[in-house]
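The working numbering applies: residue 13 is where the sequence shown begins, and numbers increase by one.
Following: one structure in C-alpha cells, then a few remarks.
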Amino acid sequence: MRKGKVGESGWYPGIGGGKGRIAWVEERERGRISGGVWVEGAGRCETQEECARDETGYDMEIKGAVALVTGGASGLGGASASLLAARGAKVVIADIRPDTGEVKAKELGESGLFVQTDMTDPVQVQHAVDVASELGPLRIVLNAAGTGSASRTVNRRGEPHSADMFDFVVNVNLRGTFYGLTLGAAAIAKTDPLGEDGARGVVINTASVAAFDGQIGQLAYSATKGAVVAMALPAARDLAVLGIRVNTIAPGTFDTPLMSLMPQAKKDELALNIPFPKRLGHAEEYAMLVESIVGNPYINGECIRLDGAIRMPPK
Ligand SMILES: NC(=O)c1ccc[n+]([C@@H]2O[C@H](COP(=O)([O-])OP(=O)(O)OC[C@H]3O[C@@H](n4cnc5c(N)ncnc54)[C@H](O)[C@@H]3O)[C@@H](O)[C@H]2O)c1
13 MRKGKVGESG WYPGIGGGKG RIAWVEERER GRISGGVWVE GAGRCETQEE
63 CARDETGYDM EIKGAVALVT GGASGLGGAS ASLLAARGAK VVIADIRPDT
113 GEVKAKELGE SGLFVQTDMT DPVQVQHAVD VASELGPLRI VLNAAGTGSA
163 SRTVNRRGEP HSADMFDFVV NVNLRGTFYG LTLGAAAIAK TDPLGEDGAR
213 GVVINTASVA AFDGQIGQLA YSATKGAVVA MALPAARDLA VLGIRVNTIA
263 PGTFDTPLMS LMPQAKKDEL ALNIPFPKRL GHAEEYAMLV ESIVGNPYIN
313 GECIRLDGAI RMPPK
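Now the structure itself:
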C-alpha cells in the first residue's frame, strides 16, 4: 500500500475496504474517504485484495511502529518478535541473554535490534525503552521475560520455601513486568495519538494459567503471575487518559525452551490433560494473539487464557 494524494481515487482500507476518493490527507498519514470513513495509515491500495488484508487495521497498527519485546530472544517473546517484524514493526529485543538475543535480532534483519537487558534493573529497562523510542514511535510493549520455579510451601524434609527463591521469582516475573509496563507506558505516552480514539499504543503482559490453577510447587510462580493478572485492570484504568491499553495473556502449556528441561514423557502427560487441541501450544499461536490484541482497539483491561481449555490439576 502506498500513501495516497488528495483527490486520487482507488481502493482504500477501512471499514468495508471501500473504493472512493481521498478527501483530505494529514501529515501523519491520516486520510478521509469521501463517504466519511476515517482511515488510519491512509493509503491507496493497488488492488481490492491488498486493501482487504488491511481491513482489520492490524497492519496499520503494527506497520511503522516500534515494539519492545522483553524476553524476545526465545520462546513466546521470540515468536512474537518475529511476527511483529513480519508485520512491519521495528522490534527491540530486551533480553538478559546476549547469545540468543543477538541471534534473534540477526534473524529479524533490519527490523530487529538486541539490547541486553536485565528486567530486574530499572536502569537497564529504561535504556532499552530509550533505544526503542529513538527508532520511531514506541507503540507496543510486550512483556514476555520470565522465569519458573519449583518448590513446595514446606518441602518433604519439613523446610519452608526459600525466601531468596521467592524474591528471585518476584523480581524477574513481577518487578520486571512492572518496569516494562511503567517505563514502557511512559514512553508510549510521548507519542502522537492516532485515529478517532486517540490511541497511542498497547502494553501486553504475560501471566500464566498458574495465576488461577497453581500446581504443587508453584507457590512463587503463581504468586507473581496472579499479580501480573491483577495489574492489567488498574493499569488500563490509569492509562486510559493517555490512550494506552493494557492486557494480559495467560498461556497454558507451550512448547518453548522454558519447557525444554522437562522430559518428553512429562510433556506427553501434560498434553493428555489438554481438552483440545491435544498438544502443547506453539509459540506462534501465542504470537497470533499478541497480533490480535495489538490490532483490536477494543480489547482493554483484559486477561485472556490461551490454553486449549486446560484447567491444571494439582500436579
Ligand atoms: N512456555 C509455557 O508453557 C508458559 C506457560 C505460561 C506462561 N509462560 C510465561 O511466558 C513467558 C515466556 O516464557 P517462554 O516459555 O517463552 O520461556 P523462554 O525461556 O523461552 O523465554 C523467556 C525469555 O526471558 C528471558 N529472561 C529471563 N529472565 C530475564 C531477565 N531477568 N531479564 C530479561 N530477560 C529475561 C530469557 O533469557 C528468555 O529469553 C514467561 O513469563 C513464562 O512465565 C510460559
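Ideal Cβ placement from N, Cα and C applies to all residues, glycine included.
Between residue i and residue j, how many whole angstroms is the CB-CB distance? I'm expecting something under 8 Å.
| i | j | result |
| --- | --- | --- |
| Gly83 | Gly89 | 4 Å |
| Val104 | Leu120 | At roughly 10 Å, the Cβ-Cβ gap does not stay under 8 Å, so Val104 and Leu120 are not in contact. |
| Leu195 | Val143 | Going by Cβ atoms, the distance from Leu195 to Val143 rounds to 12 Å, so no, they are not a contact pair. |
| Ser92 | Ala299 | 4 Å |
| Leu95 | Glu303 | 6 Å |
In terms of residues, what are the limits of the alpha helix (DSSP H) holding residue i?
| i | result |
| --- | --- |
| Phe178 | Ala175 to Val181 |
| Arg2 | Here the chain comprises residues numbered 13 to 327, so residue 2 is not present and cannot be evaluated. |
| Val115 | Pro110 to Glu119 |
| Ala295 | Ala295 to Gly307 |
| Leu284 | Gln276 to Leu284 |
| Lys105 | In the sequence as displayed, the identity of residue 105 is Ile instead of Lys. Careful: Ile105 lies outside any alpha helix (DSSP H), inside the beta strand (DSSP E) at Lys102 to Asp107. |
| Pro134 | Pro134 to Leu147 |
| Glu171 | Neither: Glu171 is in no alpha helix (DSSP H) and is coded neither H nor E. |
| Ile311 | Here Ile311 belongs to no alpha helix (DSSP H), and DSSP marks it neither H nor E. |
| Ile228 | From DSSP, Ile228 is part of no alpha helix (DSSP H); its letter is neither H nor E. |
| Ile322 | Ile322 -> no alpha helix (DSSP H), and no H or E assigned at all. |
What would DSSP say about residue i, mapped onto helix, strand or coil?
| i | result |
| --- | --- |
| Phe266 | strand |
| Phe190 | helix |
| Ala79 | strand |
| Ser92 | helix |
| Ala219 | coil |
| Ala211 | strand |
| Ile200 | helix |
| Ser206 | Ser is not the amino acid found at residue 206; the sequence shown has Leu there. Note: Leu206 maps to strand in three-state DSSP. |
| Asn185 | helix |
Can you list, in chain order, the residues of its chain whose CB lies under 6 Å from that of residue i, leaving out five sequence neighbours each side?
| i | result |
| --- | --- |
| Gly108 | Rather than Gly, the amino acid found at residue 108 in this sequence is Ile. Cβ neighbours of Ile108 beyond the five flanking positions: Asp130. |
| Val166 | Pro172 |
| Leu282 | Thr265 |
| Ile256 | Ala197, Ile200, Arg212 and Gly213 |
| Ile305 | Ile216, Asn259 and Ile311 |
| Glu58 | Its pLDDT being 48, under 50, Glu58 is placed unreliably in this model, and the value from its coordinates should be taken loosely. Nothing listed; no residue qualifies. |
| Ser272 | none |
| Phe126 | Ile105, Gly113, Glu114 and Ala117 |
| Gln128 | Pro110 |
| Gly188 | Met131, Thr132 and Ala157 |
| Arg291 | Ala283 |
With a Cβ-Cβ cutoff of 8 Å, do residue i and residue j count as a contact?
| i | j | result |
| --- | --- | --- |
| Gly158 | Val184 | yes |
| Ala262 | Gly87 | no |
| Ala222 | Thr260 | no |
| Ile74 | Ala101 | yes |
| Ala247 | Val258 | yes |
| Ala97 | Ser145 | no |
| Gly313 | Leu245 | yes |
| Leu150 | Val78 | yes |
| Asp209 | Pro309 | yes |
In the DSSP assignment, find the beta strand (DSSP E) that holds residue i and state where it starts and stops.
| i | result |
| --- | --- |
| Ile152 | Leu150 to Asn155 |
| Ile316 | Cys315 to Leu318 |
| Val127 | Gly124 to Gln128 |
Could you name the residues of the same chain whose beta carbon sits closer than 7 Å to that of residue i, not counting the 5 residues immediately before and after it, in chain order?
| i | result |
| --- | --- |
| Val181 | Thr159, Ser161, Ala232, Tyr233 and Thr236 |
| Tyr285 | One detail in the question is off: residue 285 reads as Asn in this sequence, not Tyr. Only Ile322 and Pro325 meet the Cβ criterion. |
| Gly192 | Thr82, Met131, Val137, Val153 and Asn155 |
| Leu186 | Thr236, Ala239 and Val240 |
| Gly229 | Ala162, Ser163 and Arg164 |
Could you check whether the Cβ of residue i sits closer than 7 Å to any heavy atom belonging to ligand 3?
| i | result |
| --- | --- |
| Ile108 | Among the ligands present in this structure, namely ligand 1, ligand 3 is not found. |
Excluding five sequence neighbours on each side, which residues of the same chain lie with their C-beta closer than 8 Å to the C-beta of residue i?
| i | result |
| --- | --- |
| Asp319 | Val221, Ala262, Pro263, Gly264, Thr265, Ile286 and Gly293 |
| Pro289 | Gly320 |
| Pro134 | Tyr191 and Leu195 |
| Leu147 | Val78, Lys102, Val104 and Leu125 |
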